[in-house]
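According to mature numbering (1 follows the signal peptide of the UniProt record, and there is no 0), the sequence shown holds residues -33 to -1, 1 to 767 in order. Take a look at the structure set out below.
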Amino acid sequence: MSPSSRGTMSLTTLITTLLSLTLLSLHPTSAAADSSSNDTFLWGPYRPNVYFGVKPRLHKSLTTGLLWANVDNYAAAQNNFRYTCEQNEGMAGYGWEEYDARNGGRQVIHDTGNQIDLTIDFIKFPGGQNGGSWGARIKGVPREDASPSIVTTLVFYASMEGLGELGFSSEEPDSDGVVTMHGSTVELGDFDLTFTDPKENSLPYKTHPSWDSKPLDRPLMSSMNIPAEAMWQAKNVLFANMKRGIDAYVQEYGQENMPPPWQSFTIAQNPGPGNFHMVQKIYVGAFEFDVLFNSASGPKVTSESQTKAIAETKTAFKSKFNKIFAPLAPFTKSKFTALSESLFSNLFGGIGYFYGDSLVDRSYAAEYDEDNEGFWEEAAEARSRAQIQPDEPAELFTSVPSRPFFPRGFLWDEGFHLIPIVEWDIDITLEIVKSWFRLMDADGWIAREQILGPEARSKVPPEFQVQYPHYANPPTLFLIIDTLIDKLNSGSLSATEAAHVRTDLQTLYPLLKRQYHWFRKTQFGDIKSYDREAFSSKEAYRWRGRTPQHILTSGLDDYPRAQPPHPGELHTDLISWVGLMASTLSRLAPLVPEAEDDVADFTSQHKAIIRNIDDLHWSATEKMYCDATIDDYEDSIHVCHKGYISLFPFMTGLLPPTHPNLPHILSLISSPTELWSPYGIRSLAKSDPLYGTAENYWRSPIWVNMNYLILKNLLALAQSNDTPKAVKTQATSIYVELRRNLVDNVYRQWEQTGFAWEQYNPESGAGQRTQHFTGWTSLVVVIMRMPDLSANVGIKHGEL
């Protein structure tokens, strides 16, 4: 049945469905609230997995969320209750159009299934001793295909986990329909949460005798006590509450004389003690209401002050965005600015605060060293017998790749996420970087995927939930450390900013160094056993976690590698990442007083890595960088699959402008029969026999993060005085056309579908895989801000 159909659903089917929605039994987490987060970034929509939910950066505290549905008919009401962000849920696009983590912003949701467009303004009012106040204005407008009298129900809930108080201030709304909750915690102090109901809204009217027992011309209020571990399951809580009322209606009126769905799908009117409280509003046609959080120590927020603040926040965002990210030629049309604002705001508005335990295999089985031939089978057997114990609960402050599909922290994504964010706000960038490095264990390991607590695990198949302390992931946070060093050295920071950055980098230095040494210790590759000739006998690397078809740890999951896997493999991308780490640390160590003796070591290791990349991975025959493996005769051979792996020494900035291999790399990038497409650089060459085969995840699609690294290093070649003229001309030409092709296609797909996508099809340009992928695809914001070099190669706009 279509989500927007207006037929009548069997009440028996409806009740059966509701009965099946039971609360899950999950293990509770345990941790004390952290009062250190009472700062500018205490409050936010830090629940990116739901369409709208506000919470503070505190372990156990107040959590809020919004649910809504069209209740014109029973089918719509049952099928279309919105809460968590989901793929393919009947949306014509949704997300933040403007967002600043300091001030707030605006989110718009085009809900085709419920025939309503929602605009949600979230505004922060800093001040006081407890993180300030905030307000949310929720506005609904029926879509063009909707009836003017469409009925929408909305439920806003507030829960309190841990020590604290929360409850309704009175058992009924006041004469103006205003509902207020009062709460108190040690970290938040006293506060009120107020729900307005403006007189301009149209409310339902009596059409059934049930109205007399539960009139809907005022908000409904319901309270209950639920286990802390079930609080995140608000949709199940809501349905269980509503089911009791539906059962009562069936008993009193029978299935043939039931109330209209907007009367049936209502919460129990029972405000009182509890830790989970709901306010329900039901509107006919367009509507608007405010949710106002007033901290007793902070500024007083009213609907009037919120109206003013919404306008001021919009103006401030536009002004700041124009200074930092206004697209440069040829992307100066307003449509590109709209794209840029949307992608950045969704990246920034996708920052979440997560807390909970994680599943880690700390068995340290010998098979995990992957030393023997057939090691992947031994490792799989060791995993099957491991006794998994949850690690202690931890917290993470991070942006997410995709709110509907990947609403959690990913280590290798986060470095890319922060590339735009660091240009906007250094403070929140440092908060996020420090949060990640607080997760590091004593050895230097950080889990590549942060699945903290039962809510996060509910989005992950069981086979991917366990993390392994011998598994690495691309250390992209070093990209941001590099950027911060650049900002310090350039003198572009104010004295206060520079002091802050310098202090935090000095604090982070031992952790960065520890992670670097963990890579060198656990991901080393074997040079000596196979008589490989190289400048250094130490600098070679191999990803652990290898199977015949995947190296998930590399981030390039199914990219073709040696077959069959061999313990003597060496991986081009991994030695490049370690080289990037060495380069960053050699630049950072001079800024740390106690690290002077480390500079020579990092510099020497960096030099050795660069030499070994050429010695171990350059194929003179194929004119490209390749992985290496061991053949049946125990000889080291290259395994060459033209694609992103071939470009890694270039993409990580390890090749100087005068490097003799650069012309070959540029030719590979620009070849239409290999990597070049009208929409961006392919992950694998068209000429490769495995192009587009099997999962085809990294075997043809275009990825924006890799294209960003290519563009960044093409620009460096184009602007360097040391680049030979022929190389500079070639790099500039490729840069100009690639930048234009990539941005044009991302815009085209965004305009057609309403979403940014995880990857793009190299044959058609179509967005594919995960929709609403506003993680590293948002690098387009930075790409549009890169300089226009078309005049340098005699290209006029419109000729590309």
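For every residue, glycine included, the Cβ atom is placed at its ideal position computed from N, Cα and C.
- Give the secondary structure of Met77 by DSSP, where H, G and I count as helix, E and B as strand, and everything else as coil. Note that residue 77 corresponds to His in the displayed sequence, not to Met. Strand.
- Please state whether DSSP places Val367 in a helix, a strand or coil. coil
- Can Tyr714 and Met673 be called in contact, C-beta distance under 9 Å? no
- Selected residue, minimal CA-CA separation from Glu255, among Leu310, Gly522, Glu219 and Thr120: Thr120
- Figure out for me which residue from Arg707, Lys27 and Gln697 has the closest Cα to the Cα of Val747. Arg707
- Message: Tyr664 and Gln726 - do their beta-carbons sit closer together than 9 Å?
- Response: yes
- Task: Rank Ala215, Ile448 and Asp179 by C-alpha distance to the C-alpha of Tyr476 and give the top, closest one.
- Result: Ile448
- Is Pro560 helix, strand or coil when you go by DSSP? helix
- Task: Alpha carbon to alpha carbon, how far is Val258 from Arg104? Give it in angstroms, no decimals.
- Result: 6 Å
- Item | Terminal residues of the alpha helix (DSSP H) in which Ile636 lies | Leu629 to Ser637
- Message: If the criterion is Cβ atoms closer than 9 Å, does the pair Arg511 and Asp336 meet it?
- Response: yes
- Distance CB(Leu33)-CB(Phe123) smaller than 9 Å: yes
- Query: Taking buried to mean at least 16 other C-beta atoms within 10 Å of its own C-beta, is Asp755 buried or exposed?
  - Reply: buried
- Item | Helix, strand or coil at His244 according to DSSP, with G and I counted as helix | strand
- Message: Can you look up Val17 in the DSSP assignment and give me helix, strand or coil?
- Response: strand
- Could you check if Ala346 is buried or exposed, using at least 16 other CB atoms within 10 Å of its CB as the buried criterion? buried
- Item | Own chain partners of Phe19 with C-beta closer than 6 Å, once the 5 adjacent residues on each side are dropped | Leu33 and Ile87
- Task: Decide if the region 587 to 599 is in contact with the region 612 to 619; the criterion is three or more beta carbon pairs, one per stretch, under 8 Å apart.
- Result: yes
- Message: Could you compute how far the alpha carbon of Ala758 sits from the alpha carbon of Tyr702?
- Response: 12 Å
- Query: Are the Cβ atoms of Val400 and Phe486 separated by less than 9 Å?
  - Reply: no
- Environment of Asn192 [buried if 16+ CB atoms lie within 10 Å]: exposed
- Task: Note down, in chain order, each residue of its chain lying with its Cβ closer than 8 Å to the Cβ of Asp602, except the 5 sequence neighbours on either side.
- Result: Tyr497
- Item | Outcome for Pro429 when other beta-carbon atoms lying within 10 angstroms are tallied against a minimum of 16 | exposed
- Exposure of Glu500, with buried meaning 16 or more beta-carbon neighbours within 10 Å: exposed
- Message: Can you find the residues in the same chain that come closer than 7 Å, C-beta to C-beta, to Thr596, ignoring five residues on each side of it along the sequence?
- Response: Ala529, His533, Gly535, Glu536, Ile604 and Val606
- Query: Which partner residues does Ile87 have in the DSSP bridge list?
  - Reply: Gln74 and Ile105
- Item | Chain-order list of residues whose beta-carbon lies under 8 Å from that of His517 (same chain, five-residue window excluded) | Asp524 and Asp525
- C-alpha gap between Ala235 and Leu130, whole angstroms: 26 Å
- Query: In this structure, does DSSP put Glu500 in helix, strand or coil?
  - Reply: coil
- Beta-carbon gap between Leu419 and Arg375 smaller than 9 Å: yes
- Message: Give me the residue from Asp179, Gly107 and Ala263 with the minimum Cα distance to Glu167.
- Response: Gly107
- Leaving out five residues before and five after Ser700 in sequence, what residues of the same chain have Cβ atoms less than 7 Å from its Cβ? Val760
- Message: I need the DSSP call for Glu196, collapsed to helix, strand or coil.
- Response: helix
- Item | Which of helix, strand or coil DSSP assigns to His(-7) | Summary for His(-7): the model assigns pLDDT 31, below 50, so the residue's position carries little reliability; its value from the coordinates is reported in the next sentence. Correct three-state label for His(-7): coil.
- Return the first residue and the last residue of the alpha helix (DSSP H) that Trp343 is part of. Phe342 to Arg352
- Residues sharing a beta bridge with Gly376, DSSP: Gln417
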